[in-house]
Amino acid sequence: MKNVMITVIVWMTSLLAQERTVGLIYSSTVAADGYTLFAPMQSSTTYLINNAGLLVHQWQSTLMPGHSVYLLENGNLLRTEMTKNRKFNGGGSGGRVKEMSWDGSTLWQYDYSSTTCLQHHDVEYLPNGNILMIAWEVKTQTEAISAGRNPKLLIQNELWPDHLVEVQPTSDHSGQIVWEWHAWDHLIQDYDATRANYGVVADHPERIDLNYTQNGPNGGIADWLHINSVDYNTELDQIVLSVHNFSEVWIIDHSTTTAEAAGHTGGRYGKGGDLLYRFGNPQAFDHGSGADQLLFAQHDAHWIPPGLNGAGNLLVFNNGTPNSTHDYSSVDEYLLPVDESGFYSLLVDGKYAAPTRSWSYTAPSPQDFYATNISGAQRLPNGNTLICNGPYGEFFEVDPAGATVWRYINPVTQFGPLMQGEIVDGGRLNKSNHVFRCTRYAPDDAAFIDKDLTPGSPIERYPSVVEETGCPATFQLGNYPNPFNPQTSIHFSLPYTTHVRLEIYNTAGQSVALLVNETLPGGQHHVQWHANDFSGGVYTCRLTIDKFSTARNMILLR
Numbered sequence: 022m023k024n025v026m027i028t029v030i031v032w033m034t035s036l037l038a039q040e041r042t043v044g045l046i047y048s049s050t051v052a053a054d055g056y057t058l059f060a061p062m063q064s065s066t067t068y069l070i071n072n073a074g075l076l077v078h079q080w081q082s083t084l085m086p087g088h089s090v091y092l093l094e095n096g097n098l099l100r101t102e103m104t105k106n107r108k109f110n111g112g113g114s115g116g117r118v119k120e121m122s123w124d125g126s127t128l129w130q131y132d133y134s135s136t137t138c139l140q141h142h143d144v145e146y147l148p149n150g151n152i153l154m155i156a157w158e159v160k161t162q163t164e165a166i167s168a169g170r171n172p173k174l175l176i177q178n179e180l181w182p183d184h185l186v187e188v189q190p191t192s193d194h195s196g197q198i199v200w201e202w203h204a205w206d207h208l209i210q211d212y213d214a215t216r217a218n219y220g221v222v223a224d225h226p227e228r229i230d231l232n233y234t235q236n237g238p239n240g241g242i243a244d245w246l247h248i249n250s251v252d253y254n255t256e257l258d259q260i261v262l263s264v265h266n267f268s269e270v271w272i273i274d275h276s277t278t279t280a281e282a283a284g285h286t287g288g289r290y291g292k293g294g295d296l297l298y299r300f301g302n303p304q305a306f307d308h309g310s311g312a313d314q315l316l317f318a319q320h321d322a323h324w325i326p327p328g329l330n331g332a333g334n335l336l337v338f339n340n341g342t343p344n345s346t347h348d349y350s351s352v353d354e355y356l357l358p359v360d361e362s363g364f365y366s367l368l369v370d371g372k373y374a375a376p377t378r379s380w381s382y383t384a385p386s387p388q389d390f391y392a393t394n395i396s397g398a399q400r401l402p403n404g405n406t407l408i409c410n411g412p413y414g415e416f417f418e419v420d421p422a423g424a425t426v427w428r429y430i431n432p433v434t435q436f437g438p439l440m441q442g443e444i445v446d447g448g449r450l451n452k453s454n455h456v457f458r459c460t461r462y463a464p465d466d467a468a469f470i471d472k473d474l475t476p477g478s479p480i481e482r483y484p485s486v487v488e489e490t491g492c493p494a495t496f497q498l499g500n501y502p503n504p505f506n507p508q509t510s511i512h513f514s515l516p517y518t519t520h521v522r523l524e525i526y527n528t529a530g531q532s533v534a535l536l537v538n539e540t541l542p543g544g545q546h547h548v549q550w551h552a553n554d555f556s557g558g559v560y561t562c563r564l565t566i567d568k569f570s571t572a573r574n575m576i577l578l579r
């Protein structure tokens with residue numbers, strides 16, 4: 022017994038010195054209850070966790086995400102996947118959209134990937150069951166110059182303008198494109214009067230300046246627009262797009278036919294496929310200056326759904342850019358200048374009226390929060406906002422005042438789940454836990470009807486104490502919350518049916534509570550320890566089966 026006690030005390034000391042680096046970092050009672058879905062960018066697995074950071078469900082695929090994933094109301098998973106198209110190598114590459122059942126079976130998949138087009142970044146599941154996809158298409162150097170592109174802005178000798186396709190699933194592995202919108206149909210340029218689309222850019226804010234580019238070495242790359250998110254407003258029948266390389270948000274009409282979407286008239290709003298509204302960077306259409314810029318390389322522009330705080334407003338993850346007035350990240354909510362019918366206000370000079378920022382989150386020291394790329398945000402039913410700091414795999418929930426009430430760090434890298442205590446390399450690629458976006462679903466969401474939501478173990482791995490011989494890999498012990506007051510949930514997994522002894526010890530090595538002393542089947546188990554009658558301090562929970570024993574320290578706060 023003396024040797025066992027020495028082992029336990031040494032183990033406790035080492036774990037007390039160990040900082041939590043991955044998995045659940047912090048949770049409070051005011052966090053919105055629910056289940057958080059995410060797909061690590063370096064993994065083929067999609068995960069669903071509860072607020073305790075415990076794995077509730079997972080879906081296994083064979084490809085990395087490309088990039089977004091969603092739960093549908095029927096409980097199926099809608100997942101984009103990276104097909105490794107050799108023609109298109111831009112960030113966000115996808116190529117496949119797949120629907121998977123709760124048990125992981127593939128119900129439908131559609132490949133939009135060839136030498137001339139590629140789905141990328143994001144999709145939107147429409148109320149009619151169709152899927153709206155963002156995609157690149159190739160325009161050759163000749164086509165680009167004929168349309169009015171400055172040849173000096175063709176450093177890759179071609180362009181990949183974005184377009185949208187709405188796909189109606191028809192069978193297990195096919196679909197029919199029932200609607201399209203192409204940015205290429207809505208150009209303006211003032212570079213060459215002998216070419217198509219010539220005009221005064223400032224007079225046509227509803228068109229896209231073919232020669233507007235971001236500053237720096239990427240100014241003339243093929244991925245000219247880099248649209249990174251798409252969202253749909255059912256009431257207005259409008260689509261919102263986040264246009265990264267313009268630092269703008271665009272809104273277009275979805276009520277058009279494909280023919281109308283290629284032109285400048287028709288549809289509910291009478292403008293065909295021209296832009297109904299845009300904001301973020303008026304320099305993109307020769308209005309204003311850098312002082313007027315609101316958005317900087319943003320992601321995840323979407324309408325806040327009905328029934329939530331700020332419903333109908335636009336929520337945007339504003340990444341920020343170096344050497345600008347916004348060299349940090351923020352999450353911004355905007356009230357748009359739109360009437361009840363869906364028409365947007367224009368000022369006297371033809372420029373769109375600016376939106377009103379109604380809420381914003383930044384870090385107390387703004388530069389402490391900076392996501393160079395990806396990332397997103399979501400308004401929650403309790404009025405809080407869930408934020409994904411994508412390059413760092415960090416999910417955190419803030420209340421309206423900006424206080425963090427829940428925080429989790431994705432433990433999955435290209436090497437699999439990390440051990441608790443391992444350090445993720447600060448967003449670097451050599452140990453990447455990047456996540457494009459995360460989404461929380463309420464416990465009463467339709468997706469969970471008749472679904473087993475029994476929590477398992479954390480995704481991250483934990484060290485264990487071995488008293489005699491090596492423990493089986495499926496013999497695990499953990500607890501949440503930790504620290505706790507006054508109760509904690511102890512979870513453990515067994516490799517087979519066996520007699521189990523689960524016991525609590527104080528720092529003197531005395532047994533203070535026997536929680537389990539019976540035969541249990543193999544699998545996951547949970548036990549609540551109510552510590553109302555115990556003083557604050559460090560306690561050790563030890564799990565013993567046969568000749569195997571493992572332990573974990575727990576901190577009771579008073």
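Numbers in this note's numbering are just positions in the sequence shown, counted from 1, shifted up by 21.
For each residue, glycine too, the CB sits at the ideal point set by N, CA and C.
Values in this document were obtained by computation on a predicted structure and should not be read as measured data.
Collapsing the DSSP output to three states places residue 388 in a helix. A direct Cα-Cα distance of roughly 49 angstroms separates residue 256 from residue 550. Put simply, the backbone Cα of residue 92 is about 5 angstroms away from that of residue 98. Straight through space, the alpha carbons of residue 173 and residue 343 are spaced by roughly 25 angstroms.
If you check the CB distance, residue 315 and residue 323 do not come in under 8 angstroms. In this chain, residue 215 is not harboured by any beta strand (DSSP E), its DSSP state being neither H nor E. Under the three-state reduction of DSSP output, residue 304 falls in the helix class. For residue 164, the uninterrupted alpha helix (DSSP H) segment begins and ends at 162-167. Judged by their CB atoms, residue 445 and residue 397 are not nearer to each other than the 8 angstroms cut-off. By alpha-carbon distance to residue 347, the top candidate from 318, 364, 325 and 354 is 318. Counting C-beta pairs with one atom in each stretch, the segment 500-508 and the segment 453-464 have fewer than three that are closer than 8 angstroms, which means they do not touch.
Counting only runs of 3+ residues, the beta strand (DSSP E) found wholly inside the segment 40-93 occupies 44-48, 56-61, 66-71, 76-81 and 86-92, in chain order. Of all C-beta pairs linking the segment 188-203 to the segment 227-234, fewer than three are shorter than 8 angstroms, placing the two stretches out of contact. Taking C-alpha positions only, residue 60 is separated from residue 85 by approximately 9 angstroms.
Under the DSSP assignment, residue 279 falls outside any beta strand (DSSP E), being part of the alpha helix (DSSP H) whose first and last residues are 279-282. Annotation: residue 271 to residue 391 spans about 24 angstroms, alpha carbon to alpha carbon.
Three or more beta-carbon pairs separated by less than 8 angstroms link the segment 109-127 to the segment 71-84, which places the two stretches in contact.
Spatial neighbours of residue 108 in its own chain (CB-CB distance under 6 angstroms, excluding positions within 5 residues in sequence) are listed in chain order as 136. Judged by their CB atoms, residue 547 and residue 515 are not nearer to each other than the 8 angstroms cut-off.
The C-beta of residue 474 has fewer than 16 other C-beta atoms within 10 Å across all chains shown, which makes the residue exposed. Note that the segment 242-254 touches the segment 133-150; at least 3 beta-carbon pairs, one per stretch, sit closer than 8 angstroms. Pairing residue 43 with residue 508 gives a Cβ-Cβ distance that is not under 8 angstroms. In the structure shown, residue 499 falls within a strand segment according to DSSP collapsed to helix, strand and coil.
Take residue 276, set aside five residues on each side of it, and the residues of its chain with a beta-carbon closer than 8 angstroms to its own are 258, 288, 289 and 290, in chain order.
Here residue 226 carries a coil assignment [DSSP, helix/strand/coil]. Judged by their CB atoms, residue 426 and residue 51 are nearer to each other than the 8 angstroms cut-off.
Secondary structure at residue 338: strand, using DSSP grouped into helix, strand and coil. If the five residues before and after residue 301 are omitted, its C-beta is found closer than 6 angstroms to the C-beta atoms of 268, 269, 270, 315 and 316, all from its own chain and listed in chain order. Under the Cβ criterion (8 angstroms, minimum of three pairs), the segment 365-375 does not count as touching the segment 415-424. Per the C-alpha coordinates, the member of 329, 113 and 211 positioned closest to residue 171 is 211. Rounded to whole angstroms, the separation of the alpha carbons of residue 248 and residue 74 is 32 angstroms. Residue 417: member of the beta strand (DSSP E) spanning 415-419, first to last residue. With contacts defined as CB atoms closer than 8 angstroms, residue 224 and residue 169 fail to qualify as a contacting pair.
By the neighbour-count definition (other C-beta atoms within 10 Å, threshold 16), residue 87 is a buried residue. Counting along the chain, residue 246 sits inside no beta strand (DSSP E), nor does DSSP assign it H or E at all. Leaving aside the five residues that flank residue 297 on each side, the residues in its chain whose CB is nearer than 7 angstroms to its CB run, in chain order, 259, 272, 273, 274, 290 and 365.
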